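To start, the structure under review is shown below, and the notes come after it.
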Amino acid sequence: LVVTAMEGELLPMRLLEVGVRGFITKSSDSAELERAIRAVHSGQRYIGSAIASQLALSKTTAAKSPFDQLSNRQMEVLLLLAKGMNAESIAKQLHITAKTVNSHRYRMFEKLGVKNDVELIKLAVQYGLIDIDKTTSAV
């Protein structure tokens with residue numbers, strides 16, 4: 032369950048695709064938080080009312096995000112990189128090798144036209160995929 036302060040989040044569905052089971056805003060009341068926790072705990076997905084409204088009102092012709100071209104595994108790697116995890120830690124968490132993690136990183140660099148992790152994270156922040164102020168280091 033992701034609780035975000037970002038009201039203008041453009042990518043909640045993409046996060047749901049990579050395994051996030053629920054998504055609500057920080058401004059949600061305690062009753063909605065409880066509903067979200069219960070839904071996620073029972074194996075269901077939950078999208079908060081504020082986010083659901085944004086999705087319903089958004090145009091289907093909305094600008095595409097460059098992150099749409101990433102695989103689900105690449106998105107997982109990106110989100111873990113944003114938390115400050117290194118390749119070895121990501122590999123352990125995802126049950127893959129560090130070499131595979133680095134392959135995913137370099138494919139993301141190619142797809143997104145960036146040269147390193149800093150540019151990758153900067154682009155993710157720019158598109159609202161992550162909130163750098165809310166990201167916690169894994170170290």
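Position one of the sequence shown corresponds to residue 32 (my numbering), numbered consecutively onward. Every residue, glycine too, gets a C-beta built ideally from N, C-alpha and C. Predicted, not measured: the structure shown is a model, and the values here were computed from it.
Residue interval of the alpha helix (DSSP H) (run including residue i)
i: residue 140; result: 129-143
i: residue 61; result: 61-72
Residue i Cβ short of 7 Å to the ligand PLP heavy atom set
i: residue 98; result: In the structure on display, the ligand PLP does not appear, and there are no ligands present to speak of.
Within 8 Å, strictly: CB atoms of residue i and residue j
i: residue 113; j: residue 70; result: no
i: residue 34; j: residue 46; result: no
i: residue 63; j: residue 74; result: no
Residue i - containing beta strand (DSSP E), residue span
i: residue 34; result: 33-35
i: residue 55; result: 53-56
DSSP beta-bridge partners of residue i
i: residue 78; result: 54
Presumed contact (8 Å Cβ cut-off) between residue i and residue j, rounded CB distance
i: residue 81; j: residue 58; result: 7 Å
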